[in-house]
Each structure stands twice: as C-alpha cells, then as structure tokens.
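Structure record follows, encoded as structure tokens.
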Ligand SMILES: [Zn+2]
Ligand SMILES: [Zn+2]
C-alpha cells in the first residue's frame with residue numbers, strides 16, 4: 004500500500020501546500036481520502052483524476068472538501084470526454100450541503116459527476132484491492148476516521164479529532180497512523196483537534212508502527228511538533244509533506 008500526501012495544512016493552506024488530501028493506492032486501485040482546497044492540483048502531479056476509483060470525505064469542514072468542485076470539473080472536462088460517475092462516500096447530509104452553494108445546473112452537474120453513498124460506520128467497503136472502513140471520532144458530528152487495508156497492512160487516517168476514547172478505538176491496530184496534529188500546545192483542549200504530543204500519545208496507545216503528523220496550522224512549528232510527537236510516541240515519526248510518498252507494508 005502506498006500513501007501520497009496531497010495536503011497537510013489545517014484550515015487554510017500554507018505557502019506551497021494544500022489542505023486535507025491523501026491518495027491511498029493498493030496495486031492498481033486508487034482512492035482519495037478528503038479533497039480540501041489545493042488537493043486536485045497536487046493530485047494531478049501523480050495521477051489523472053479520472054483514474055480514481057473512489058473518494059471519501061470525512062466531514063463537513065471546508066478544508067476537507069473544497070476541491071470537490073474542482074474534481075467535478077476535472078471529471079467532466081477530461082480529455083477523453085466526461086468520465087463515468089465516480090463513487091463518492093460522504094457523511095449523511097453532506098452532499099446536499101455541497102450542492103447548496105450551486106445553481107440548478109451546477110447541482111445537476113455535481114450529481115452527474117458522482118455516484119454518492121452515505122458512509123456507514125464500521126461497514127467495510129471493498130474498492131478494488133483496497134478495503135476501507137470508517138469509524139466515528141470526536142469532532143464536528145459526524146466525523147469519520149478512515150482505515151485502509153491492503154495485503155495485511157493497515158493505514159488509519161484520524162481525520163480531525165480530539166484525543167480520547169473515540170480516536171483510540173478508530174486507530175486500533177494501525178500500522179501507519181496519519182494523525183491530526185493541528186494545535187500548538189497553548190490551544191490544547193480548547194479545540195476539537197490534537198496537539199503533536201497528543202498525536203504521539205495516540206500512536207503509542209494504539210501500538211502503531213509509525214506515525215505521520217498532519218493537518219497542521221501554518222503557524223505551527225513543524226520541527227517542534229516532530230520532537231513533541233517523537234517524545235510521546237517513542238517510535239518513528241514524520242511530518243506530512245505535500246507529494247511525499249510513503250510505502251506501508253513491505254518494510255513492516
Ligand atoms: Zn480540518
Ligand atoms: Zn474539521
């Protein structure tokens with residue numbers, strides 16, 4: 004299984020970065036986890052958008068789906084003609100909210116571009132060679148962490164979440180944990196996100212083999228975040244970088 008980070012910024016994109024987006028590949032299967040602002044430009048460096056097999060959106064915050072409109076245009080105006088509807092998995096009610104900012108034609112085009120399904124917690128979905136399962140975490144209701152399984156490897160993307168029991172349950176058994184590390188220490192507990200220390204503690208508690216910190220505010224010191232998480236985890240940690248590719252499985 005391979006993870007390509009498409010966006011590592013939280014809320015708004017730092018210079019040269021994008022908001023939440025992760026390309027997960029297993030064999031010839033390609034799935035996109037979240038589609039925040041700037042994600043489609045980065046996706047297009049590594050994969051034709053028409054080659055995606057499915058898209059999952061974890062929750063209704065704009066930095067996780069703003070580029071769904073760009074993806075719709077990329078599918079509609081593909082060089083070989085309009086692409087078939089792309090499976091899109093969203094929390095209940097989110098697709099209607101996406102359409103609410105569009106006119107009648109725009110809503111119809113959005114509905115044509117995607118084959119929409121509501122996410123059901125804990126129900127494994129088979130997308131080609133990948134299996135994906137979603138678990139509730141503690142953020143805006145509802146928000147889902149996503150677990151991708153391929154050839155015995157397990158990647159968990161926490162999406163946005165507070166530290167606590169829900170994040171631990173969602174992350175259980177993770178080989179690679181891609182964790183929300185939005186907050187500088189002075190914001191700890193004041194917002195429904197984790198600090199880097201909390202992300203490191205989560206990786207430790209769930210027995211992850213390695214940790215990738217992501218969803219960092221542009222104002223967060225990435226060097227300090229890495230050191231804080233490494234201290235709490237005691238295992239290998241990196242900070243997500245746009246277009247970085249991480250292999251999961253072969254090295255475990
Ligand atoms: Zn977010
Ligand atoms: Zn959020």
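Numbering (this note's numbering), first residue to last: 4 to 255. Beta carbons are placed, not taken as given, at the ideal position from N, Cα and C, and that holds for glycine.
Next on the checklist: According to DSSP, simplified to helix, strand and coil, what is residue 162?
Outcome noted: coil
Checklist entry - Quick one, what's near ligand 1 if you take every residue whose CB is closer than 6 Å to any heavy atom, in chain order? => result 13, 23, 64, 66, 67, 163, 218
Checklist entry - Which residues does DSSP pair with residue 73 in a beta bridge? => result Note: residue 73 sits in no beta bridge, so no partner.
Next on the checklist: Just to confirm my understanding: we take residue 128, look at its own chain, exclude 5 residues before and 5 after, and list those with CB closer than 6 Å. What are they?
Outcome noted: 135
Checklist entry - Looking only at its own chain, which residues have a Cβ that is under 8 Å from the Cβ of residue 146, when we skip the five neighbours before and after it? => result 61, 62, 94, 139, 140, 162, 163, 164
Next on the checklist: Between 155, 175, 115, 142, which has its C-alpha nearest residue 125's C-alpha?
Outcome noted: 175
Next on the checklist: Quick check on DSSP: helix, strand or coil for residue 183?
Outcome noted: strand
Item to check | Beta-carbon proximity of residue 226 to residue 181, cut-off 7 Å | outcome: no
Next on the checklist: Could you check whether residue 39 and residue 69 sit closer than 7 Å to each other, using their CB atoms as the reference points?
Outcome noted: yes
Checklist entry - Skipping 5 residues on each side, what residues in its chain have a beta carbon closer than 7 Å to that of residue 54? => result 33
Checklist entry - Alpha carbon to alpha carbon, what distance is there between residue 119 and residue 86? => result 15 Å
Next on the checklist: When you compare the CB positions of residue 2 and residue 9, do they come within less than 7 Å of one another, or not?
Outcome noted: What the structure shows of the chain is the stretch from 4 to 255, and residue 2 is not part of that stretch, so it cannot be assessed.
Item to check | 7 Å Cβ cutoff met for residue 4 and residue 237 | outcome: no
Next on the checklist: Which of the three DSSP states is assigned to residue 20 in this structure?
Outcome noted: coil
Item to check | Residues that DSSP places opposite residue 152 in a beta bridge | outcome: 134, 157
Item to check | Expected contact under 8 Å - CB spacing of residue 245 and residue 21 to nearest Å | outcome: 6 Å
Next on the checklist: Let me check understanding here. Comparing Cα to Cα, which of 239, 65, 88 lies closest to residue 143?
Outcome noted: 65
Checklist entry - How many Å lie between residue 96 and residue 105 at the Cα? => result 16 Å
Checklist entry - With DSSP run on the structure shown, which of helix, strand or coil describes residue 60? => result coil
Checklist entry - Thinking C-alpha only, which one of 201, 80, 29, 67 is nearest residue 52? => result 80
Item to check | Integer-rounded CB distance, given that residue 197 should sit under 8 Å from residue 186 | outcome: 7 Å
Next on the checklist: Do residue 132 and residue 30 have their beta-carbon atoms positioned less than 7 Å apart in this structure?
Outcome noted: yes
Item to check | residue 168 versus residue 155: straight-line alpha-carbon distance, rounded | outcome: 25 Å
Item to check | Inter-residue spacing [alpha-carbon to alpha-carbon] between residue 218 and residue 37 | outcome: 12 Å
Checklist entry - Do residue 116 and residue 75 have their C-beta atoms within less than 7 Å of each other? => result yes
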